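*Asks:* Under this note's numbering, think of the first position of the sequence shown as 76, with each following residue one higher.
All C-beta atoms in this analysis are idealised placements derived from N, C-alpha and C, irrespective of residue type, glycine included.
All values derive from a computational prediction rather than experimental measurement.
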Amino acid sequence: MTGVVFATGLFLLSITGYSQGTNLGTIRGTVTDPNGATIPNAAVQVTDQATGISRDLTTDGQGNYEAAALKPGTYKVTVTAPGFKTVTVDAVVSGSDIVRADVKAELGERSENVLISGVEAGLIEKDQPVIAGTINNRQLIEIPRDSRDIYEYLYLNPDITQGPNGDGSFKYIGGQSYGASFSLDSQRTNGGIFGEPTASQPSLETIGELTVLSKNFTAEYSGIANIRVETKRGGKEYHGSLFYNNKNSALAAETVQDKNAEAAFIPQPDLQTFPKSNFNLNEAGGSVSGPVPFSGQKTFFLLSYERRWDLGAAHLRASNIPSSPLLVGDFSGIRAANRPLVPDAIKPTCTMNCASTRLTPAEIANNTTGSGSSQRFISIPSRFLNPIALGIVNYYPRTNPATPFNNRNGRLTSFVRNIPGLLTRDLSTLRIDHDFSQNDKFFAVYNFQVVAGSQRALAVSPLPAFGLRSQHQTNHTLSLSYTHLFSNSVVNEVRGGLNFQYLFRRGNQRVQDFLSSVGFNQDEIGAYASVVGSESLGLAGQVAFTMAPFSQIPNGGRSIDRKLDQKLVTFGDSLSWTVGNHSLKAGADFVKNQAVDGFSLNRGQPRGLVSYGGNFNGFARFLIGLPPTSVTYVGATRRGNLDVSNWEDGFFIQDDYKISPKVTLNLGLRYEIITPFVEMNDLMVNFDPLISVHPGFQGRFVVPSEKTLARLDPRFISYGVVTAKEAGVGRGLIKTDKNNFAPRVGVAWRITDKSVIRGGYGIYYPTSAAQGMRDALATNAFNQSVRKMGTLGLPGGINPRGITPFSGGTISVGDPNDFSSLAANAIPFNLQNPRIEQFNATFEREFRGNLALRVSYVGSRQNGLIAGRDLNMIPPNNTPFGILNADGDQCSPVDEEDCVVSPQDAARRPFPLLGDYLASYGNTGRGHSHAFQVEVNRRFARGLTFSASYTLLSQKTDGIDSGNSTLGGTLYNQFNTNNDFSRDSFISRHRFVAYGIYELPYGHERMYGKSISKWADAVAGGWDLTWNMFAKSGTGFTPWWQCNNCSDMGFFGPGNTGSSFVDAIGDFGQSNTYRPLVIGDPYAGLSGDQFFNPAAFALPPLGADLFDNPAVAKRNFLTGPGTWGVNLGVHKFFRISENKRLEVGADFNNVFNHPLFSPLDTGFALLGDFNVDLDSAGHLVIVDVNQNPDFGRNNISYTQEGIDNRRSVRLRLRFTF
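1) In angstroms, rounded to a whole number, what distance separates the CA positions of Ala532 and Arg544?
2) Please state the DSSP three-state secondary structure of Asn1053.
3) The beta strand (DSSP E) that contains Ala898, what's its start and end?
4) What residues match up with Pro397 in a beta bridge as DSSP calls it?
5) For Ala141, which residues in the same chain have their Cβ closer than 7 angstroms to its Cβ, ignoring the five residues on either side in sequence?
6) Considering just the uninterrupted stretch of the beta strand (DSSP E) at Pro366, what are its terminal residues?
7) Fully enclosed by the stretch 238-263, which beta strand (DSSP E) runs are 3 residues long or longer?
8) Check this for me: beta carbons of Thr1194 and Ser1108, under 9 angstroms apart or not?
9) So for Ser786, helix, strand or coil by DSSP?
10) Work out the CA separation of Gly148 and Thr306 for me, nearest whole Å.
11) Secondary structure at Val194, three-state DSSP: helix, strand or coil?
12) Return the chain-ordered list of same chain residues with a C-beta closer than 6 angstroms to the C-beta of Phe697, the five sequence neighbours on each side being excluded.
13) Report the residue ranges of all beta strand (DSSP E) runs contained in full by the stretch 277-301; include only those spanning at least 3 residues, in chain order.
14) Who are Lys642's beta bridge partners in DSSP?
15) So the candidates are Thr264, Glu200, Gly254, Ser222; which of them puts its Cα closest to the Cα of Phe646?
16) Roughly how many angstroms lie between the CA atoms of Asn574 and Ser554, to the nearest whole one?
17) Using the beta-carbon count (16 or more within 10 Å), is Asn1120 buried or exposed?
18) Where are the beta strand (DSSP E) runs, 3 residues long or more, that stay fully inside the stretch 897-929, in chain order?
19) What do you get for Asp962, buried or exposed, if any count of 16 or more other CB atoms within 10 angstroms of its CB means buried?
20) What number of angstroms, rounded off, separates the C-alpha of Thr827 from the C-alpha of Asp108?
21) Compare the Cα-Cα distances from Ala534 to each of Pro476, Arg633, Pro479 and report the closest residue.
22) Answer with buried or exposed for Lys179, where buried requires no fewer than 16 other C-beta atoms within 10 angstroms of its C-beta.
23) Just curious, the beta strand (DSSP E) that Phe1239 is in, first and last residue?
24) Looking at C-alpha atoms only, which residue of Ile911, Gly1111, Gly1243 is the closest neighbour of Gly250?
25) With distance defined between alpha-carbon atoms, name the residue in Gly1277, Gly1267, Val106, Val1258 nearest to Arg483.
26) First and last residue of the beta strand (DSSP E) that includes Gly1204?
27) Can you list, in chain order, the residues of its chain with a C-beta nearer than 6 angstroms to that of Gly743? Leave out the 5 residues immediately preceding and following it.
28) Once DSSP output is grouped into helix, strand and coil, what is the label at Asn321?
29) With 16 as the cutoff for other CB atoms within 10 Å, does Met759 come out buried or exposed?
30) Looking at C-alpha atoms only, which residue of Phe1166, Gln203, Pro703 is the closest neighbour of Leu740?
31) Helix or strand or just coil, what does DSSP make of Arg983?
32) Taking buried to mean at least 16 other C-beta atoms within 10 Å of its own C-beta, is Gly241 buried or exposed?
33) Can you tell me whether Glu568 is buried or exposed, with buried defined as 16 or more other CB within 10 angstroms of its CB?
34) Looking at the secondary structure, which residues open and close the alpha helix (DSSP H) in which Ile467 lies?
35) Taking Pro1103 as part of the beta strand (DSSP E), name the residues at either end of that continuous run.
36) Strictly by DSSP, which residues pair up with His769?
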């Protein structure tokens, strides 16, 4: 058999991969007589109740036994010894649990049987320091959740709350929102680009249990938390299920935001009645399991299939849609001071760069006001409206002219649309288990999934005319495990598998289609392609236009034409050896991550950007077809999709040492090597600020190899480039962190048979993700922008045909001798993985009725969190920066957008030849967490099972949690990194979670009513109630302002920092954002649905005190609204025969229709936006302030932690046999 093990190992090694620790558990215990003396040489039989297969053991000289490598399930432990009765106890093994099943034998004959009933071993953890929780298949099926997505159930764990991306993302208490390890049947399912789990998952019908190892797990497991999904096994009997679920809008309540929008709704030309949120979700499927025929009860199978039809809508609620009269040049509704200036080119008095057509005296009298440089349009005469411009603005929705709008910027106060789409999912699972012998066991699991249709996202937000973004996704997972028992004390398991996800998202038209739709002819499309590049014509998306103080025409963003493939191939081996009082385990695991991402392909403006500015002056020029202020596009050195890979290797040794019958010491050491990601085509660039190549140049650029040079902008080479070999690093451009030693220690003292005091300490490292290096090393240095000024206008109208806005002009950015626009990041070669220390002290107690209580102190220290800063940022000061134009005169940052960085400005920067956003990331962050937890669990007994937990938490950091990324966020004040040590993001001080199942005790199969009639039983018997709920206090918010024109051209606005890296939140959501001055109590003077008072905040400082003014708001100093929600399930069971049951029921999601006012969207604290201008003396002044009417208002109900934002009903029909 050793040869078989060796051959299997070679096979799995050949596919190269990674395992995330075993999913096999252990039952161990001590057999004693009535006086407590141990009984050596007692016979112990451990029987798998699902298959009937048994394993025989014998207690050692101290009366101990241990059965390792057990698959999850329920086991019967039977003990016999001469002079004692035969004793039987049930034990439930969940995942990799170590379950104690101690047996106290009674004097008597072996033929006498003692069944210990009402108690199952494994109710509390008695041997290890781990904080963990498990949800079994029945709970997964019956607890009323809003989704059959297995990861939605993670919110039922006290250590996992909702993360930065809303429902479906996770924040780990004591850590960040990334770095956990997810596995499916012991094969890793997370990694790749974001470190999140892929969508690869089995049908809920087939999942046996979901286990969360949240704190102080053994050295066998990686990540800051370890989430494990295990499929069920087929057994000795045939079982199956069929189900159908439906959830539709007819049975759903209205959301708060829909009620508000409906109250303000005005009928529109294309929409006479308010658009209700219509949806219809249908799910159907089934499963079957049992022994494979003719296999001699040694081979078992499980097969499932399900399909989802999700017909729903993207809900557009926008406040930046323009009032329709503006789209035909009617500015009569705009206040006089904000109307557009009449361009000089069409005035009768024009002397330079004049249009061929001018305003007539009648048009001046009827369509304009004022004179000279103050002459403004009331409306643009229709003969001046450019046909291409009118074709472009046709993508804006047309609204009723009576719809209220802001007369400063033309934005509608509210715009509501629902854009319907259909998304389908097909999911199937097959599992095979085979026992070659009592000592050799094997299983294989394959999952396949296809998702196709329309995402619930606009292709181009907020413009519904572009439709919904389409998506096609395919998933394949394969898990293999082979276990060999050399003896009852020596067990080896070999594991391997793969997890592939292929995903593609795109818009509904190509650039060429867009240009044709707005009126460009083939010659003009050719002229566009001759500048921007012919390859751009085939990209999904469109040319972007910036031309107004309302919503622009975006290019569609990074996901408009995006491939997102992730591949993980895995392998691992672990050896368990029980010798004396030591239970030893050692092993290794490996992962190869591979990812392809179109995010890099879409960097910059590969489709082109036409910029007229962000005010009405620019919009009037656009409508007339006059030349733009500038155009931007990607130069000749473009890159394609990111294609990267890395390795994660882990080695461990673990010893559970039984110091005495009551005390177990856990000692473990894990060592991890996580290699840097490397790019298949070597398309990566790093910046080394310490060493230069050429005199007069500070720093050098580092590339993986000479292969990179052909795809680099030539200015990099002129500045100074060396290869990774010359710089002393590998192809990943940073050095491999070889310091990831992770010691783990714990102790458990069983003070009684039912009570234990335990605790532990350990070091943990986050798993890897490509996102950090993708942005910093493989994206930002490529697709360098070219910007031209003085180009031609739109074809047609007052202009000749055949031209384009990209034609003619001179390059202002991208000049071969200008290095200031080069974009690159500086990642320290010795960047290390963050290190998380976890520790806990726990008391746990079993009570009668299968009840367990856990009381814990849980703490952590976070070291070396990664945070970013701009190496080329100037400390805030009072000396103007970027306030001159190319002629050396004072520029006009609002009206003309003609500011440049002068040589005198550039000389003030640390790297004068380079521009802003020279981002560098280092291990500067830290954090700590202290939590008190109480958890009560009841394993199913007498028709009731439940879990309830409460967490009191204090967690502070100064490293920004920016979501699933291996690089942290940006520091607001990079010159004082301790300034933001404060409450961590996305966490609540108080949180309560509960769920359960209660079989009402009435009916033929219940405690009461066993003799009632069939008709009475059909009506009143067989009812179940199920529930889950959460309640939590508010999370932290940072108030912020958005500057609209900061970083336009060479103008940077507040603080004269010369950098666009300033981010009030630090999450890369919006750059050029600033924190306000706090001038009052934000919780005082509230009215209506206000939760924060905007009058408590002023505009940000503009000078040297931009960051350090004592009144500047601190990170997360505001506490948002808390919330709670309850789901309730009501299910009726009909017994058709002994093994056949029909279930009819309904799950009431958010049964009390309670608004969930607890946003994680940072926009909740957006005070508004503004422009920065210059006064006559060249001083910065804030103008065009637009207050955000929704700042701090409880006017949106958010889906939270798997509970819907309004009451909805899921109808259930289920048949089992």
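*Replies:* Let me spell this out:
1) 6 angstroms
2) helix
3) Note, Ala898: premise wrong, no beta strand (DSSP E); not H, not E.
4) Arg486
5) The sequence given here has Glu at residue 141, not Ala. Excluding sequence neighbours, Glu141 sits near Thr101, Arg103, Thr653, Ser658.
6) 355-366
7) 241-247, 256-259
8) yes
9) A small correction: the amino acid at residue 786 is Arg; Ser does not occupy that position in the sequence shown. In the structure shown, Arg786 sits in a helix (DSSP, three-state: H, G or I).
10) 11 angstroms
11) Interpretation of Val194 is limited by its pLDDT of 48, a score under 50 that renders its predicted location unreliable; the figure taken from the coordinates is listed afterwards. Strand at Val194.
12) Ala464, Met622, Tyr687
13) 282-290
14) Phe575, Gln669
15) Thr264
16) 9 angstroms
17) buried
18) 910-922
19) exposed
20) 16 angstroms
21) Arg633
22) buried
23) No beta strand (DSSP E) contains Phe1239, which DSSP labels as neither H nor E.
24) Ile911
25) Val1258
26) 1198-1210
27) Thr293, Ala294, Gln729, Arg819
28) strand
29) buried
30) Gln203
31) coil
32) exposed
33) buried
34) 462-468
35) The sequence as given places Asn at residue 1103; Pro does not occur at that position. Element bounds for Asn1103: 1098-1107.
36) DSSP output for His769 lists no bridge partner at all.
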